[in-house]
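Following: one structure in structure tokens, then a few remarks.
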Amino acid sequence: MTGHVSLVGAGPGDPELWTMRAVRRLEEADLVLYDALVDARALRRFTRAQCFCVGKRAGRESVRQETIHRLMIRAARAGKRVVRLKGGDPFVFGRGAEEALALAMAGIPFEVVPGVSSAIAAAELARIPVTHRGLASGFLVLSGHDADGFDAGLNAVQPNVVSLVILMGLGARGDLAARLAARGWSWGTPAAIVCGASTPDEWIWTGSLAEIGETELPGGVAGVIVIGDVVRVREALVTATSREHTADEVKYGRS
Ligand SMILES: C[S@@+](CC[C@H](N)C(=O)[O-])C[C@H]1O[C@@H](n2cnc3c(N)ncnc32)[C@H](O)[C@@H]1O
């Protein structure tokens, strides 16, 4: 008797950004293993399944990755419908592919249910488009967690050509800014930090690459860094909205 596992993306925080397929899988689930950034109270509204938080919570370590694999495999082998609910999209820096590989190697049927990634949504909720005609024809998403990986990713693009979105980079933001400047990114490049996007703790800062290291952040909230001229679109949108300008009056400059 084999059940199956759904690796489901839970978006950046607000349950209204869960997909319909995510909600359906939760309704049908027997067991839900969820990450710390998932709204646990909302989860209870959508499922009668047993729910366990396996993510890092204040003062407590997260459950080891191998243990998560074992829990999913054991439950599926017992015939259970398991939902592994992960923040954002399961395959964006979430170790979702490691979980998929572990399931595949154990012969467990599984699916991936994409989620709204904070890599795009955090900027967007702050009214920053990650691409914009004339400002950025693409965007690069990097982890700020590992300096070598960050440098290798940066080497793939020319300075100030694409927008950069950095996840897991708040703690090292000053160092990351210096690494960008060392590769030719202008210190005046517009920058934004968006913490707790789509949650009641949402917090947005805008400034320049030069200022990012000195910026004080709210504690205990996950955040992304956005770097590039696209940040100016937010200012233009905020100004236009507050003055009720029409869209074609909105002006923005380049760094
Ligand atoms: C381990 S990564 C997982 C990313 C996730 N899979 C996704 O697609 O959004 C965790 C990082 O995502 C970012 N993040 C997640 N939720 C966020 C939110 N609501 N607001 C801002 N950043 C968020 C932060 O950079 C955080 O350190």
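In the working numbering, the protein residues as written are 923 to 1177.
Backbone N, C-alpha and C fix where the C-beta goes; we use that ideal spot for every residue, glycine too.
None of the values given here were measured: they were computed from a predicted structure.
Checking contacts by CB at 8 Å: is residue i closer than that to chain B?
i            : result
residue 1072 : The structure shown contains no chain B; it holds only a single protein chain.
Between which two residues does the beta strand (DSSP E) carrying residue i extend?
i            : result
residue 972  : 972-975
residue 1050 : No beta strand (DSSP E) holds residue 1050; DSSP gives it neither H nor E.
residue 954  : 953-956
residue 1018 : Element bounds for residue 1018: not the beta strand (DSSP E) but the alpha helix (DSSP H), 1018-1027.
residue 1129 : 1125-1130
Could you pull the DSSP bridge partners for residue i from this structure?
i            : result
residue 1063 : 1087
residue 933  : 1010
residue 1041 : DSSP output for residue 1041 lists no bridge partner at all.
residue 1145 : 1117
residue 966  : The partner list for residue 966 (beta bridge, DSSP) is empty, contrary to what the question assumes.
residue 927  : 1004, 1032
residue 1112 : 1130
residue 1058 : 1054
Going along the chain, which residues of its own chain have a beta-carbon closer than 6 Å to the beta-carbon of residue i, five neighbours each way excluded?
i            : result
residue 1015 : 1065, 1089
residue 1054 : 1152, 1155
residue 1164 : none
residue 928  : 947, 1005, 1033, 1035
Within a Cβ cutoff of 7 Å, which residues of the same chain sit near residue i, ignoring the five residues on either side of it in sequence?
i            : result
residue 1175 : Bear in mind that a pLDDT of 48 at residue 1175, under 50, signals an unreliable position, so the model cannot answer this.
residue 1095 : 1134, 1135, 1147
residue 949  : 968, 969
residue 978  : 958, 984
residue 1003 : 925, 926, 950, 951, 952
residue 940  : 932, 933
residue 1079 : 1062
Considering residue i, what are the terminal residues of the alpha helix (DSSP H) in which it resides?
i            : result
residue 1032 : Segment 1032-1035 is the beta strand (DSSP E) holding residue 1032; no alpha helix (DSSP H) there.
residue 1164 : 1153-1165
residue 997  : 987-999
residue 1015 : It is not in any alpha helix (DSSP H) - residue 1015 carries neither H nor E in the DSSP assignment.
residue 1099 : 1095-1104
residue 1092 : Premise fails: residue 1092 is in no alpha helix (DSSP H) and is neither H nor E.
residue 1070 : 1069-1076
Between residue i and residue j, how many whole angstroms is the CB-CB distance? I'm expecting something under 8 Å.
i            : j            : result
residue 944  : residue 1093 : 30 Å between Cβ atoms; not a contact.
residue 1118 : residue 1125 : 6 Å
residue 1076 : residue 1105 : 5 Å
residue 932  : residue 1009 : 6 Å
residue 1034 : residue 1012 : 6 Å
(message) Using only Cβ atoms and a threshold of 5 Å, which residues come within that distance of a heavy atom of ligand 1? Order them by chain position.
(response) 934, 935, 1009, 1010, 1011, 1014, 1015, 1016, 1039, 1040, 1044, 1089, 1090, 1119, 1144, 1145, 1146
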